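> In my numbering, the protein residues as written are 107 to 200.
Ideal Cβ placement from N, Cα and C applies to all residues, glycine included.
Keep in mind it's a predicted model, so treat the numbers as computed, not measured.
Please see the structure below; I have some questions.
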Amino acid sequence: MVKLRLKRCGRKQRAIYRIVAIDVRSRREGRDLRKVGFYDPIKNQTYSNVPAILYFLEKGAQPTETVYDILRKTEFFKEFQISFEKKIKEKQES
Numbered sequence: 107m108v109k110l111r112l113k114r115c116g117r118k119q120r121a122i123y124r125i126v127a128i129d130v131r132s133r134r135e136g137r138d139l140r141k142v143g144f145y146d147p148i149k150n151q152t153y154s155n156v157p158a159i160l161y162f163l164e165k166g167a168q169p170t171e172t173v174y175d176i177l178r179k180t181e182f183f184k185e186f187q188i189s190f191e192k193k194i195k196e197k198q199e200s
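This is how it looks when you write it as structure tokens:
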């Protein structure tokens with residue numbers, strides 16, 4: 107199974123994160139399938155490669171809660187009519 111999750115980069119106390127498509131069994135710093143964006147919490151900047159993210163979501167990739175929140179803040183799901191809210195709610199109830 108493939109997930110969209112964050113991969114930590116940068117130096118101490120100045121972390122930035124790459125949004126990557128990665129196999130579930132890989133560790134956080136493991137080999138990713140593709141880089142699809144980045145998130146800088148210090149400058150509050152995000153960049154997302156929309157076609158790549160849509161490709162992986164259509165193939166069944168699941169975003170982690172943090173990546174989902176980042177994409178929701180950038181209004182990614184409103185723009186492309188994709189809704190994962192049911193899946194997120196079901197996961198929280200379990």
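Between the segment 128-136 and the segment 145-154, do three or more beta carbon pairs fall short of 8 Å?
Flag = no, the segment 128-136 and the segment 145-154 do not touch.
> Hey, which unbroken runs of the alpha helix (DSSP H) at 4 residues or more fall wholly within the segment 121-172?
Correct list: 156-164.
> For the beta strand (DSSP E) that contains K113, what are its first and last residues?
Run containing K113: 108-117, per the beta strand (DSSP E) assignment.
> Touch check for the segment 152-172 and the segment 110-124: three-plus C-beta pairs under 8 Å?
These segments touch.
> Starting from the C-beta of E173, find all residues in its chain whose C-beta is less than 7 Å away, skip the five residues before and the five after it, and write them out in chain order.
Note that residue 173 is Val in the sequence shown, not Glu. These residues qualify, in order along the chain: L110, R111, L112, I125.
> Do Y161 and Y145 have their CB atoms nearer than 8 Å?
Cβ distance not < 8 Å, so Y161 and Y145 don't count as in contact.
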